[in-house]
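To keep things clear, I will list the structure first and then write my remarks on it.
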Amino acid sequence: MSVLEKADSGVAPRAGLVGRVPALAVLEYQLVAYRRTWRAGVFSSFLLPLLTMVGFGIGVGAYVESGVGGVSYLDFIVPGLIASTALQVAVGESTWPVLGSFEWIKVYFAQAASPLRAGDILGGHVAFVLFRVLTSSLAFLLVAALFGALHSPWALTTPLLVLLIGLAVATPVFAYSASVRSDSYLSLLFRFAVIPMSLFAGVFFPVESLPTALRWLAYASPLWHGVDLCRAATLGVAPDWSVPGHLLYLGAWAAGGWLLARACFRRRLVV
Amino acid sequence: MSKDGVLIRARGLVKRFGDFVAVDGIDVEVRAGEAFGFLGPNGAGKSSTMRMIGCVSPPSGGELQILGMDPRRDGPAIRARLGVCPQLDNLDPELTVRENLTTYARYFGIPRRTARERATELLEFVQLAERANSKVEPLSGGMKRRLTIARALVNEPDIVLLDEPTTGLDPQARHLVWERLFRLKQQGVTLVLTTHYMDEAEQLCDRLVVMDGGRIVAEGSPRELIERYSTREVVELRFGAEGQETFAGKLAGIGERTEVLPDRILLYVADGDAAVAEVHARALAPASVLVRRSSLEDVFLHLTGRTLVD
Ligand SMILES: Nc1ncnc2c1ncn2[C@@H]1O[C@H](COP(=O)(O)OP(=O)(O)O)[C@@H](O)[C@H]1O
Ligand SMILES: [Mg+2]
Numbered sequence: 205m206s207v208l209e210k211a212d213s214g215v216a217p218r219a220g221l222v223g224r225v226p227a228l229a230v231l232e233y234q235l236v237a238y239r240r241t242w243r244a245g246v247f248s249s250f251l252l253p254l255l256t257m258v259g260f261g262i263g264v265g266a267y268v269e270s271g272v273g274g275v276s277y278l279d280f281i282v283p284g285l286i287a288s289t290a291l292q293v294a295v296g297e298s299t300w301p302v303l304g305s306f307e308w309i310k311v312y313f314a315q316a317a318s319p320l321r322a323g324d325i326l327g328g329h330v331a332f333v334l335f336r337v338l339t340s341s342l343a344f345l346l347v348a349a350l351f352g353a354l355h356s357p358w359a360l361t362t363p364l365l366v367l368l369i370g371l372a373v374a375t376p377v378f379a380y381s382a383s384v385r386s387d388s389y390l391s392l393l394f395r396f397a398v399i400p401m402s403l404f405a406g407v408f409f410p411v412e413s414l415p416t417a418l419r420w421l422a423y424a425s426p427l428w429h430g431v432d433l434c435r436a437a438t439l440g441v442a443p444d445w446s447v448p449g450h451l452l453y454l455g456a457w458a459a460g461g462w463l464l465a466r467a468c469f470r471r472r473l474v475v
Numbered sequence: 271m272s273k274d275g276v277l278i279r280a281r282g283l284v285k286r287f288g289d290f291v292a293v294d295g296i297d298v299e300v301r302a303g304e305a306f307g308f309l310g311p312n313g314a315g316k317s318s319t320m321r322m323i324g325c326v327s328p329p330s331g332g333e334l335q336i337l338g339m340d341p342r343r344d345g346p347a348i349r350a351r352l353g354v355c356p357q358l359d360n361l362d363p364e365l366t367v368r369e370n371l372t373t374y375a376r377y378f379g380i381p382r383r384t385a386r387e388r389a390t391e392l393l394e395f396v397q398l399a400e401r402a403n404s405k406v407e408p409l410s411g412g413m414k415r416r417l418t419i420a421r422a423l424v425n426e427p428d429i430v431l432l433d434e435p436t437t438g439l440d441p442q443a444r445h446l447v448w449e450r451l452f453r454l455k456q457q458g459v460t461l462v463l464t465t466h467y468m469d470e471a472e473q474l475c476d477r478l479v480v481m482d483g484g485r486i487v488a489e490g491s492p493r494e495l496i497e498r499y500s501t502r503e504v505v506e507l508r509f510g511a512e513g514q515e516t517f518a519g520k521l522a523g524i525g526e527r528t529e530v531l532p533d534r535i536l537l538y539v540a541d542g543d544a545a546v547a548e549v550h551a552r553a554l555a556p557a558s559v560l561v562r563r564s565s566l567e568d569v570f571l572h573l574t575g576r577t578l579v580d
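In structure tokens, the structure reads:
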């Protein structure tokens, strides 16, 4: 029973990296929990892009013979779908799992009783969400490459772009999920933010086709900026907006979302 | 730790939720190696106090010092040296018993290897070694509680905080937990626990405070409290369906004090048998008579006029 004998309990040994970046311990926990379910997810993370690619790119694309702005319909929607996959995964992983960690399994409260701070708990979970965003988008990217839908070496930057999209979307959603007490609010988020964004923020058709008011809504959404960047990367063309502008806009969502989420986490965990 | 061995020192400690005062200016000192208890009914402010000591709830007023540090400033450093068993288990039901310990150990920066070794030892200690690789979800309440206690020990804490460690457990599961906590106590681990079970407080606590309505109403060892606030023996009389009040008047003068409860009358006396003889001498025929030693329950009843568990 050496664990319980005070005699040989010196100063607790601190593990290198986790000792310095405590959020990594939270990421580690999330990965251990994910290890139980990832196999079920792998199949669908390849199947879904495959089906959308065949259905929209080839099926619908056959009717859009002229393509969009000089590129085939498949090539046009692939980068949009990659960005919107990042959005869907980021939101999905930042809603029920976050609400559940407060309300159902209460794991955040267990973590808050350890030396972790609210920011560590938030940071570790956000890091896990980014990991999920990255792996899902890579699956999509791989399928897209097989369909010959990547046309520029800039396509190699899409993993970084989806991380930025993921961060810009996940952090404000963490704040939202930490502020509501019932999961009916989470469905609202999908109905009134995720679905409209996925449909109207330039994934399936250029936002220029929208009436002016809606077009500005699309411009305001983080997804449109992500779609425009991803499209520029996979097609090797100039984006509609300046690249630094896009990056700054998404960065602002990420930074604002982080501050908001951390405040919400503190309010829930420190009472 | 400060020089006098005081690990926790609270002075006029207050916790408010809005206008509501949950903890109303309490003074507490917990010394190294002792088992210290907060005894009180639901709503007394026990959990609020424990959460302030656990540095997850900032005090609204007063002073609080833990391990010589200030919770407002040194929260993470203090929490690194505490083990916490909260009132409601917050284990991860999807992880295995062992994973719950190893992932938790990592929050304290404990290397993976050490974490695995400690998990093995602690599971042995709380008698869950055979369940190490099963999920937490199907475990019984008592097993989950023991696992939560093991988790609280994973960082070799200087103080273990246990908020109602056996509430909701059946008697057998409860005895198993008591037995483990007693072992910890023997090994010199400082325990701070809350309970509304007087037998738990009597068995485990070297010293305790009785809390009611956010205040401390008495303090001492279980024995001191019983000596100070109660008599040596208690006679419990039940007078069937007629209602106890009608008989209460006829018992005047027997013993130091009489408590009339809805279902029985308690006579506080030095000598139980003599008191029973006196009851019979007055031609009273209670349906049942029980002579017992005084307990903390009687202390609480005397101090507040209410029973602990309702
Ligand atoms: N977060 C909170 N917000 C508002 N009131 C609270 C909160 N936590 C506890 N209380 C109130 O404070 C009082 C003391 O609660 P608690 O410390 O949990 O008592 P105990 O653990 O002794 O049962 C109760 O009346 C409870 O309703
Ligand atoms: Mg409580």
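As given, the protein sequences belong to chains E and D, one line each in that order. Just so we're aligned: the first sequence equals residues 205 to 475 in the working numbering. Just so we're aligned: the second sequence equals residues 271 to 580 in the working numbering. The beta-carbon is built from N, C-alpha and C at its ideal position, and this holds for glycine as well.
Subject >> Contacting residues, own chain, Cβ-Cβ under 8 Å from Gly214(E) (five flanking each side not counted) >> reply: For Gly214(E), the predicted model reports a pLDDT of 43, less than 50, meaning its position is unreliable; a value from the coordinates is still stated below. Here the set comprises nothing.
Original post:
Nearest CA to the CA of Val561(D): which residue from Pro408(D), Thr501(D), Ile278(D)?
Top reply: Thr501(D)
Subject >> is_contact[Thr319(D), chain E] using C-beta, thresh 7 Å >> reply: no
Original post:
Grouping DSSP H, G and I as helix and E and B as strand, with all else coil, what is Glu506(D)?
Top reply: strand
**OP:** Please go through the same chain and pick out, in chain order, the residues whose beta-carbon is closer than 7 Å to the beta-carbon of Val293(D), but skip the five residues on each side of it.
**Re:** Correct list, in chain order: Leu283, Val284, Lys285, Gly315, Ser318, Thr319, Gly484.
Original post:
Which whole-angstrom value describes the C-beta separation of Asn229(D) and Phe378(D), a residue pair presumed to lie in contact below a C-beta threshold of 8 Å?
Top reply: In the structure displayed, chain D extends from 271 to 580; residue 229(D) sits before or after that span and is not available.
Original post:
Does the pairing of the segment 492-510 of chain D with the segment 565-573 of chain D give three or more beta-carbon distances under 8 Å?
Top reply: yes
Subject >> Start and end residues, alpha helix (DSSP H) containing Tyr377(D) >> reply: 367-377
Subject >> Supposed contact pair Val462(D) and Phe570(D) - C-beta distance, whole angstroms, cut 8 Å >> reply: Phe570(D) to Val462(D), Cβ: 19 Å. No contact.
Original post:
Is Pro311(D) close to chain E, meaning its C-beta is less than 7 Å from at least one C-beta of that chain?
Top reply: no
Original post:
Secondary structure at Val272(E), three-state DSSP: helix, strand or coil?
Top reply: Looking at Val272(E) - three-state DSSP - the assignment turns out to be strand.
**OP:** Kindly indicate if chain D contains any beta-carbon less than 7 Å away from that of Glu232(E).
**Re:** yes
Original post:
Are the segment 285-304 of chain E and the segment 426-441 of chain E in contact at 8 Å, needing three or more beta carbon pairs?
Top reply: yes
**OP:** Indicate whether at least one CB of chain D lies closer than 7 Å to the CB of Val302(E).
**Re:** no
Original post:
Where Gly411(D) and Gly263(E) are concerned, what is the direct C-alpha to C-alpha distance, given to the nearest angstrom?
Top reply: When the Cα atoms are used, Gly411(D) and Gly263(E) turn out to be separated by approximately 55 Å.
Subject >> Distance, Ala459(E) Cα to Trp420(E) Cα >> reply: 22 Å
Original post:
Could you give the distance in angstroms between the alpha-carbon of Ala280(D) and the alpha-carbon of Gly338(D)?
Top reply: Ala280(D) and Gly338(D): Cα-Cα distance of roughly 11 Å.
Subject >> Length of the line joining the Cα atoms of Thr390(D) and Val407(E) >> reply: 52 Å
Original post:
Does any residue of chain E bring its CB to less than 7 Å from the CB of Asn360(D)?
Top reply: yes
Subject >> Top-ranked residue by Cα proximity to Leu454(D), from Asp433(D), Glu407(D), Ala420(D), Val504(D) >> reply: Ala420(D)
Original post:
On the three-pair Cβ rule with 8 Å, is the segment 348-359 of chain D touching the segment 312-326 of chain E?
Top reply: yes
Original post:
If you draw a straight line from the alpha carbon of Glu297(E) to that of Met481(D), how long is it in whole angstroms?
Top reply: Looking at the two C-alpha atoms, the distance is approximately 43 Å.
Original post:
chain D partners of Leu473(E), CB-CB under 8 Å?
Top reply: Val326
Original post:
Near ligand 1, which residues have their beta-carbon less than 6 Å from any of its heavy atoms, given in chain order?
Top reply: Val475(E), Phe287(D), Phe290(D), Ala292(D), Gly310(D), Asn312(D), Gly313(D), Ala314(D), Gly315(D), Lys316(D), Ser317(D), Ser318(D)
Original post:
Counting Cβ pairs closer than 8 Å, one from the segment 294-304 of chain D and one from the segment 446-465 of chain E, do we hit at least three?
Top reply: By the Cβ criterion, the segment 294-304 of chain D is not in contact with the segment 446-465 of chain E, since fewer than three pairs of Cβ atoms, one from each stretch, lie closer than 8 Å.
Original post:
Along chain D, which residues have their Cβ under 9 Å away from the Cβ of Phe306(E)?
Top reply: Residues of chain D passing the Cβ test: none, with the nearest at roughly 11 Å.
Subject >> Secondary structure, alpha helix (DSSP H): runs of 4+ residues fully inside the segment 406-432 of chain D >> reply: 411-422
Original post:
Cβ-heavy atom distance between Gln292(E) and ligand 4 below 6 Å?
Top reply: With respect to ligand 4, the structure shown offers nothing to examine, as its ligands consist of ligand 1 and ligand 2.
Original post:
To which residues does DSSP link Glu333(D) through a beta bridge?
Top reply: Arg281(D)
**OP:** Buried or exposed for Leu277(D), please, with buried defined as at least 16 other CB atoms from any protein chain shown within 10 angstroms of its CB.
**Re:** buried
Original post:
In chain D, what lies closer than 8 Å to Gly223(E) by C-beta?
Top reply: Those within 8 Å of Gly223(E) in chain D are Gly379.
Subject >> For Leu450(D), the nearest candidate out of Ala422(D), Met322(D), Arg477(D), Thr373(D) (CA to CA) >> reply: Here the sequence assigns Arg to residue 450(D), which means Leu is not the residue at that position. The shortest C-alpha separation from Arg450(D) is found at Ala422(D).
Subject >> DSSP beta-bridge partners of Ile535(D) >> reply: Leu507(D), Val530(D)
**OP:** Over the uninterrupted beta strand (DSSP E) stretch that includes Glu299(D), give me the two end residues.
**Re:** 290-301
Original post:
Start and end of the alpha helix (DSSP H) containing Asp324(E)?
Top reply: 322-350
Original post:
Would a check of beta-carbon distances place Val337(E) closer than 7 Å to chain D?
Top reply: no
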